[in-house]
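Worksheet: one structure, shown below.
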Ligand SMILES: Nc1ncnc2c1ncn2[C@@H]1O[C@H](COP(=O)(O)OP(=O)(O)OP(=O)(O)O)[C@@H](O)[C@H]1O
Ligand SMILES: [Mg+2]
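Residue numbers (the numbering used here), protein chains in the order written: chain A, 1 to 259; chain B, 1001 to 1258.
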């Protein structure tokens, strides 16, 4: 259970000016829920994720996970960054094992788990390769394995598929759903793509900029497991349209915050 | 096929150029009857130098030892120093000006003073070698350690890596290419340092061989020693290149078609 209450973040720019990246963000996330976050560029999505992860400290408000206020990154949390950020000197397998190595929890069982994760995402034959020998999509899959390897309860993903082409991107979303189905976790997923947000999320947090805040939280009533077929569902269309309106015509939808 | 062509082009052409230059040198000396103490012919250099036999080997070994010890000392001092500078703002502010100061002192001028301070033994020339080669090492290692992209540091923080683990698993590996470019500069400077040290304070070594043979106008031997020094420098440099190539293949620049 994640409780985000009245979170706000003010950055002090180099010229001394203040940027309010986030104001009054409150959000509760249940265990094993997938919550996606969409919003225009610069509305504070990454900032929200970084605050929840404990990588930065909030200017105001708090993040409480399982009754504990977040002050630094937790051991039961995995992050997938926008860029794969694999270490170029390490093999794919070593990259996936990196979190365990850093936490001093590396053992034979963990190595087996890493290997089966890699096999599951189709990288079984590339474990001993270096990152630069892999395509962008393959690298991002390895990065997802790295975020899963220490069996975190919570996964934070900041536009993990942002750099991928449309085809790979669709494939990866389905793959992520498959992984989640096999082993349920709480996932917080930032994306620029509205269909992706709706396909993945139980709820979609729509954010608006200047200052960054939650415009509305859209509940997606699609049944699980979901796949490409789900996109044909009228509910899917309805959710996408609602979100599109919130983002492109904020004035029309203003006041309908709790609709 | 393509590989052979490349090898021929990269080794063959310089070799032929060198050979032609040697012939030209030999012939010019013969034709213009240049006196030996001014410019000896390659054949004369070869004969007079090789005739030294074991003595020569002894000089070479002595110089290599000075280079090895001085360079190793430089590496051992510069690594912890660079780590300190990279991690502590205060230390970097405190040490950097000192470093630049030591760098602006002419090391050749220090050699005679070092003899007085340390005695007429091997230490002064090792210290001179160390002083000359350690500056590029500190600078390049520090640069490597601090230029790690923030994403990697954030990655380390997100998995709760301790500072030591961050250093060993992120910063040092990232700095490897930087460290090697420092080593390449430092190893060639170490050769210079060793010779300077031997000029001033030594009973053996190639630097000593140069000064002692010139004292008797044995120019061919001096030339021989200089050529051996050049070869040493090139070989050491190439050894470093090979070590980097085979031990750290990921640090190789991405190969492009030319
Ligand atoms: N470290 C920082 N220092 C100063 N300002 C910052 C910093 N990080 C973010 N900001 C500002 O905070 C605001 C929100 O940034 P954030 O990266 O969270 O946006 P985002 O929604 O993730 O955007 P995008 O979709 O483009 O990734 C922006 O205006 C940005 O300029
Ligand atoms: Mg962002």
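Glycine residues also receive a C-beta, built at the ideal position from the N, C-alpha and C atoms.
| query | residue 3(A) by DSSP, collapsed to three states: which one? | reply | Within the first chain, the letter at position 3 stands for residue 3(A). In the structure shown, residue 3(A) sits in a strand (DSSP, three-state: E or B).
| Between the CA atoms of residue 221(A) and residue 23(A) - distance to the nearest angstrom | Taking the first chain and counting its residues from 1, the one referred to as residue 23(A) is at position 23. Taking the first chain and counting its residues from 1, the one referred to as residue 221(A) is at position 221. Distance between residue 23(A) and residue 221(A), taken at the CA atoms: about 28 Å.
| Spatial distance of residue 193(A) from residue 84(A) (CA atoms) | By one-based count along the first chain, residue 193(A) stands at place 193. By one-based count along the first chain, residue 84(A) stands at place 84. Approximately 19 Å, taken between the alpha carbons.
| field | C-beta neighbour in chain A for residue 1171(B), strict 9 Å | value | Taking the first residue of the second chain as 1, we reach residue 1171(B) at position 171. So no, residue 1171(B) is outside the interface.
| field | Residue span of the beta strand (DSSP E) that contains residue 18(A), given as start and end | value | Position 18 of the first chain, counted from the start, is the residue given in the question as residue 18(A). Run containing residue 18(A): 18-29, per the beta strand (DSSP E) assignment.
| field | Element boundaries [beta strand (DSSP E), containing residue 157(A)] | value | Counting from one through the first chain, the residue named residue 157(A) turns up at place 157. 154-158 is the extent of the beta strand (DSSP E) around residue 157(A).
| field | For review: beta carbons within less than 5 Å of any heavy atom in ligand 1 | value | For ligand 1, the residues with a Cβ under 5 Å from any of its heavy atoms are, in chain order, 11(A), 19(A), 21(A), 41(A), 42(A), 43(A), 44(A), 45(A), 46(A), 47(A).
| message | Any contact between the stretch 1168-1183 of chain B and the stretch 1022-1033 of chain B? By contact I mean 3 or more CB pairs, one from each, below 8 Å. | response | Taking one beta carbon from each stretch, the stretch 1168-1183 of chain B and the stretch 1022-1033 of chain B have fewer than 3 pairs nearer than 8 Å; the two do not touch.
| task | Select from the stretch 1146-1165 of chain B all residues with a C-beta closer than 9 Å to any C-beta belonging to chain A, and list them in chain order. | result | Listed by position along the chain: 1149, 1151, 1152, 1154, 1155, 1156, 1157, 1158, 1159, 1160, 1161, 1162, 1165.
| Going along chain A in order, which residues have a C-beta closer than 7 Å to the C-beta of residue 1250(B)? | Along the second chain, read from residue 1 onward, the residue named residue 1250(B) stands at position 250. Against chain A, a Cβ distance below 7 Å from residue 1250(B) picks out 88, 89, 130.
| said: Quick check: the Cα distance between residue 1002(B) and residue 1009(B), rounded to an integer number of angstroms? | reply: Here residue 1002(B) corresponds to residue number 2 of the second chain, with the count starting at 1. Here residue 1009(B) corresponds to residue number 9 of the second chain, with the count starting at 1. The alpha-carbon atoms of residue 1002(B) and residue 1009(B) are separated by roughly 11 Å.
| message | In whole angstroms, give me the CA-to-CA distance for residue 1059(B) and residue 1007(B). | response | Against the second chain, residue 1059(B) aligns to sequence position 59. Against the second chain, residue 1007(B) aligns to sequence position 7. Distance between residue 1059(B) and residue 1007(B), taken at the CA atoms: about 34 Å.
| said: According to DSSP, is residue 1135(B) part of a helix, a strand, or is it coil? | reply: Along the second chain, read from residue 1 onward, the residue named residue 1135(B) stands at position 135. Looking at residue 1135(B) - three-state DSSP - the assignment turns out to be helix.
| message | Rounded to whole angstroms, what is the Cα-Cα separation between residue 198(A) and residue 161(A)? | response | Locating residue 198(A) in the first chain gives position 198, where the first residue counts as 1. Locating residue 161(A) in the first chain gives position 161, where the first residue counts as 1. Cα to Cα, the separation comes out at about 15 Å.
| said: For the beta strand (DSSP E) containing residue 1163(B), name the first residue and the last one. | reply: By 1-based counting over the second chain, the position of residue 1163(B) is 163. Unbroken run through residue 1163(B) is the alpha helix (DSSP H), 1163-1166; no beta strand (DSSP E).
| request: Please report the Cβ distance between residue 1057(B) and residue 1223(B), rounded to the nearest whole angstrom; I am assuming they are in contact, meaning their Cβ atoms lie under 8 Å. | output: As a first step, residue 1057(B) is located in the second chain; it is residue number 57 there, counting from the start. As a first step, residue 1223(B) is located in the second chain; it is residue number 223 there, counting from the start. The pair is not a contact, with the Cβ atoms about 18 Å apart (cut-off 8 Å).
| message | Can you tell me which residues form a DSSP beta bridge with residue 216(A)? | response | One-based indexing of the first chain puts residue 216(A) at position 216. For residue 216(A), which the question treats as bridged, DSSP gives the partners 206(A).
| query | By how many angstroms is the C-alpha of residue 1114(B) removed from the C-alpha of residue 1055(B)? | reply | Reading the second chain from its first residue, position 55 is the one you call residue 1055(B). Reading the second chain from its first residue, position 114 is the one you call residue 1114(B). Going by the C-alpha atoms only, they are around 27 Å apart.
| query | Counting pairs of beta carbons, one from the stretch 45-54 of chain A and one from the stretch 90-99 of chain A, are three or more of them closer than 8 Å? | reply | Too few Cβ pairs lie closer than 8 Å, so no.
| Quick one: does residue 1174(B) have its CB under 9 Å from some CB of chain A? | On the second chain, residue 1174(B) is found 174 positions in, with the first residue counted as 1. With 9 Å as the cut-off, residue 1174(B) counts as an interface residue toward chain A.
| request: Counting only runs of 4+ residues fully inside the stretch 1081-1163 of chain B, write out the alpha helix (DSSP H) ranges in chain order. | output: 1089-1104, 1107-1118, 1123-1146, 1150-1158, all fully within the stretch 1081-1163 of chain B.
| said: If I measure Cβ to Cβ from residue 155(A) and keep anything under 6 Å in the same chain, skipping five residues before and after, which residues do I get? | reply: Here residue 155(A) corresponds to residue number 155 of the first chain, with the count starting at 1. For residue 155(A), same chain residues with a beta-carbon under 6 Å away, outside a window of 5 residues either side, are 78, 147, 185, 187 in chain order.
| query | Three or more C-beta pairs closer than 8 Å, one from the stretch 4-21 of chain A and one from the stretch 126-139 of chain A: is that the case here? | reply | Because the criterion of three Cβ pairs below 8 Å is not met, the stretch 4-21 of chain A and the stretch 126-139 of chain A do not touch.
| message | ligand 2 and residue 171(A): does the residue's C-beta get closer than 8 Å to at least one heavy atom of that ligand? | response | Start at 1 with the first residue of the first chain, and residue 171(A) comes out as number 171. No - ligand 2 has no heavy atom lying nearer than 8 Å to the Cβ of residue 171(A).
| said: My parser needs the alpha helix (DSSP H) runs of 4 or more residues fully inside the stretch 124-175 of chain A; what are they? | reply: Contiguous alpha helix (DSSP H) elements confined to the stretch 124-175 of chain A occur at 136-148, taking only those with 4 or more residues.
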